[in-house]
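These protein sequences, in sequence, are chains A and B. Just so you know, we're using the numbering used here here: the first sequence kicks off at 1 and counts up by one. Just so you know, we're using the numbering used here here: the second sequence kicks off at 1001 and counts up by one. Backbone N, C-alpha and C define an ideal beta-carbon position, used for all residues, glycine too. Heads up: the structure comes next, in C-alpha cells.
Protein chains: 2
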Amino acid sequence: MHPFAKKSADSVSALGEEKLISAIRRWLGSASPRAPFGMGDDCAVLPASRLRQLITVDPVIYPRHFNDTVPPRDVGAKLLKRNLSDLAAMGGRPTAAVLALTLDARTSLAWLEQFYRGLAACARHYRVPIVGGDIAQADGSVAASLTLLGAAAGPRVVTRTGARVGDGIYVTGELGASLPTRHHVTFKPRLAEGAWLARHSAVRAMMDLSDGLAKDLRALTPRRAAPSLEAAALPLRRGADVRGALTDGEDYELVFALAARTDREKFAHAWHRAFPHVRLSCIGKFVTASALPTSAVNLANYRGYEHLRTEIKSTRRPRRARSTRPSPPV
Amino acid sequence: MHPFAKKSADSVSALGEEKLISAIRRWLGSASPRAPFGMGDDCAVLPASRLRQLITVDPVIYPRHFNDTVPPRDVGAKLLKRNLSDLAAMGGRPTAAVLALTLDARTSLAWLEQFYRGLAACARHYRVPIVGGDIAQADGSVAASLTLLGAAAGPRVVTRTGARVGDGIYVTGELGASLPTRHHVTFKPRLAEGAWLARHSAVRAMMDLSDGLAKDLRALTPRRAAPSLEAAALPLRRGADVRGALTDGEDYELVFALAARTDREKFAHAWHRAFPHVRLSCIGKFVTASALPTSAVNLANYRGYEHLRTEIKSTRRPRRARSTRPSPPV
C-alpha cells in the first residue's frame, strides 16, 4: 500500500490537526491512556519507578525501512517491535512509549489508520501504553520514531560489555533471509528470553542483532579478542546461506556471551525447558585475536548494514539481492 | 547556514556510521554520559525515580522549524528548549533526553557539528544528559526529534484541565513577533517559573504557548466557558500587535488559570519577588460562554498555527508576513 493518497480528500491534510488527533485517539483505542497519563497535555505523567529504567529510540522511515509491499499494520507493529528487541537485549520489560511522526500532507488517511491500528494491536499485545506523541509536517516524508521506556525485568541489566576470551557465543532463533521470509515484520521480540538470560549471571554480555552478525558482533567482542565462529554452527533461516546469516540484518535475535566455565549442557537443558520452541545455538567462542584458528569464519570478508555510507546506499533500498551481492572490502 | 554540503567530502556520507557516531560523542562531550548510562548500548540505563515522571516529544524539521538563516547551534538548542518548555508547563524538571535524527547523506558535517554543539551547551546549561539516540538516513531530510523525560519538581503536577469559570487568565513574559525578534530561538524555557507555579494550589491549570494564544487557550478553557480577554492587557513583544500576540506562535510562555478567590495582589507580589525580571500579566478571565462581554477579544477572528492544514501551509514557511496577513475564518 502506497502511503500517499491520490486524492487530497483522502489525505491527512483534508482532516487538519484537530480531527486527525481525534482519529488517532480512536485508532489507538485502549493502547493510549487518557491525559494526563496519555496524549493531550504538554507531557504525559508516568508513575514513579522503583527499578532502574531503560530507554531506547528507533525509527521506521519510508522507503528505507518499509516500502509499498509492507502492509501499514506491519509497519506500525515493526516500529514498536524493533524497540522492544532493544529492551529485550538488556533484560528489560516495557513501561511506556511515545511516538513522533513526520508526515507529508498527502499521506493517505487509510494508510495512517492501518499503521496506527497495527501499532495499537502490538502495544496491547506487549502491554505498552502509547502515552504521547507529536505529528509534524515535512514534505515527502513518512517517518515515525518511537521512544520506548522500560524497566529492568529483574535485579540485573545486561550490557554489551563484559564478554571475556573463552566465553561461548550463542544466538537465539535463526539468522538471515529476513526480507524474503518476511521475518523483518513477523519477528517476535525476545522479551521473555532476554529477561530469562539476564537472570543467569553466566550470561556476561548481550545485544540484539539488527545490522547483521558480522557487524553487530564487533560491539560484543572484548578488546584484543576476536570471535571464532563455526560456519556450520550458524542457524540458517530457510533460504539463507552463511553470507546472509552474517550480513542480511534485521534478525532481531539475541546474541550473548556465556562464561567459559558454564555447564553448557545444563544451560541448554534449562533453556529448552523454558523456551521449547526457540532454537539456541552455540556458534563459536571469543579467542585471543592472535590465536584465531584458520577454520574460523573470516569476518573481514563480510559486513553488515552500515548506515550513511553512500556507496552501499543503492543496495539497501530493494535489498533483495543483498545475500548474493559481492561483499565490498571492509 | 545551509544544512547540505556542496562537496560530498564535507557530508556525513564521507564519514560513515561508525566515525560519525564517534564524532557525535566528541561534539556532545560531557552532555552525554558513557554507556550503559548513555549512548553505546541497546538501551540507556536510567536511575529509578521516587517521583512521578513526565515525558514529552517534539521535533525540529528543515525547513519547517528552521531555515538557512538560523545558526545550527540555535537549532540544536531550540530542539531541547521546546521540550523543556513542555516540561515547565506541568511543573517538571528534566532528567534525561534521547534524540532521533534523520539525515540526508548530503548533510553537511559542519552544520551537524554546530547543531550538536548547540544541543550539548544547552543540555549542560539545563543539566539534561543526552542518554541515547539514533541516526537514520532519509533522502531530503534533516530532522531531529527529541524525547525528554522529567520528574515532577514538587508534590504536584499541573495539567491543562481544572480551570473554572471566574478564574483569572495569566501569561508569563510577552507575546507575538517571535520570528522577527528571534525569540523563537533565544527564549528561555520557564522551568523555574513552572515549578514555582505548580507549588501554588491556586494555579488550577497550565500549559505552554507554542501555536499562539488564540489556538492554545482552547485547551485550557473549561466546558461551556469562554476566555474573556482584554486586548489592552496582552503583553506585546516589541514589534507585535494584538493579532501577532494571539496568532504568531512560538512564544514558549506559560499561560495559566488562577483561582478566582486568590488575593491577586499578594500573588503578583510573590511572583515579582521570585522572578523580578519576568513579566506576569492578567489578560482576562474565564466566563460562561453565554456571558462573554462584547468588549472582549473576539477569538473567532483569530487562529493560531494549525498543523497539517494545506491551505495555510504556504504562509507558514517564511512566516514573516504572518502578523499582517488577513485572518482566515475558523
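Reference residue i; option with closest CA among the options
i                : options                               : result
R1261 of chain B : B:F1275, B:E1193, B:L1054 and B:R1164 : B:R1164
Y1252 of chain B : B:L1229, B:E1265, B:L1209 and B:L1213 : B:L1209
R26 of chain A   : A:R64, A:I130 and A:R190              : A:I130
F286 of chain A  : A:R156, A:V297 and A:A257             : A:A257
C365 of chain A  : A:A97, A:I55, A:F4 and A:A31          : Nothing in the structure corresponds to residue 365 of chain A, since chain A is present only between 1 and 330.
T107 of chain A  : A:P36, A:L15, A:T69 and A:G239        : A:L15
Q53 of chain A   : A:G38, A:H2, A:A152 and A:L119        : A:A152
G1173 of chain B : B:L1051, B:A1245, B:P1059 and B:G1304 : B:A1245
D1134 of chain B : A:I61, A:D248 and A:A214              : A:I61
A1005 of chain B : B:R1093, B:L1119, B:D1068 and B:A1289 : B:D1068
L1101 of chain B : A:E250, A:R224 and A:A144             : A:A144
A259 of chain A  : A:A192, A:V12, A:C282 and A:D241      : A:C282
L1146 of chain B : B:H1125, B:N1083, B:V1203 and B:A1138 : B:N1083
H1125 of chain B : B:T1095, B:G1194 and B:L1109          : B:T1095
T1161 of chain B : A:L51, A:F275 and A:A35               : A:A35
P33 of chain A   : A:F267, A:F187 and A:A123             : A:A123
T1288 of chain B : B:A1226, B:A1232, B:A1195 and B:H1065 : B:A1226
Helix, strand or coil at residue i [DSSP, three-state]
i                : result
G1132 of chain B : strand
G1016 of chain B : coil
L1080 of chain B : helix
A5 of chain A    : coil
C122 of chain A  : helix
P1318 of chain B : Low per-residue confidence applies at P1318 of chain B: pLDDT is 34, beneath 50, and the placement is therefore not dependable enough to give any value.
V1297 of chain B : coil
S1141 of chain B : coil
R1034 of chain B : strand
L101 of chain A  : strand
G40 of chain A   : coil
L1046 of chain B : strand
A259 of chain A  : coil
R278 of chain A  : Per the sequence shown, residue 278 of chain A should be read as Val rather than Arg. V278 of chain A: coil per DSSP, three-state reduction.
V60 of chain A   : strand
T107 of chain A  : strand
L28 of chain A   : helix
L292 of chain A  : coil
R1127 of chain B : coil
H65 of chain A   : coil
V1075 of chain B : helix
I244 of chain A  : Here residue 244 of chain A is Gly; the residue named in the question, Ile, does not match the sequence. G244 of chain A falls in the helix class under three-state DSSP.
Inter-residue Cα distance where the pair is residue i and residue j
i                : j                : result
G91 of chain A   : R1182 of chain B : 46 angstroms
E113 of chain A  : I24 of chain A   : 8 angstroms
V57 of chain A   : P1047 of chain B : 18 angstroms
P1071 of chain B : A136 of chain A  : 21 angstroms
L1217 of chain B : E1230 of chain B : 14 angstroms
H2 of chain A    : F115 of chain A  : 12 angstroms
H1228 of chain B : H1200 of chain B : Strictly speaking, residue 1228 of chain B in this sequence is Ser, with His absent from that position. About 23 angstroms.
A158 of chain A  : R117 of chain A  : Going by the sequence as given, residue 158 of chain A is Val instead of Ala. Approximately 32 angstroms, taken between the alpha carbons.
P180 of chain A  : D104 of chain A  : 29 angstroms
R303 of chain A  : L175 of chain A  : 14 angstroms
K1215 of chain B : T1247 of chain B : 7 angstroms
A121 of chain A  : V255 of chain A  : 28 angstroms
D975 of chain B  : R279 of chain A  : Not covered by the structure: residue 975 of chain B. The range shown for chain B is 1001 to 1330.
M206 of chain A  : A219 of chain A  : 10 angstroms
R1127 of chain B : A1031 of chain B : 8 angstroms
L20 of chain A   : V12 of chain A   : 7 angstroms
H269 of chain A  : I169 of chain A  : 17 angstroms
D1241 of chain B : L1299 of chain B : 15 angstroms
A177 of chain A  : R1224 of chain B : 59 angstroms
K1078 of chain B : M1039 of chain B : 21 angstroms
P235 of chain A  : V1045 of chain B : 31 angstroms
T1294 of chain B : L109 of chain A  : 41 angstroms
K1007 of chain B : E1018 of chain B : 20 angstroms
R156 of chain A  : A274 of chain A  : 19 angstroms
F187 of chain A  : A9 of chain A    : 35 angstroms
D167 of chain A  : H1184 of chain B : 54 angstroms
Residues bridged to residue i (per DSSP)
i                : result
Q1114 of chain B : Partner(s): none; Q1114 of chain B has no beta bridge.
L1149 of chain B : B:I1055 and B:A1096
S85 of chain A   : Paired residues: none, contrary to the question.
G284 of chain A  : A:I169 and A:L229
L1254 of chain B : B:D1208
S11 of chain A   : A:S108
Which runs of the alpha helix (DSSP H) spanning at least 4 residues fall entirely within the segment 154-241 of chain A, listed in chain order?
List check, alpha helix (DSSP H) in window: 183-186, 191-198 and 213-216.
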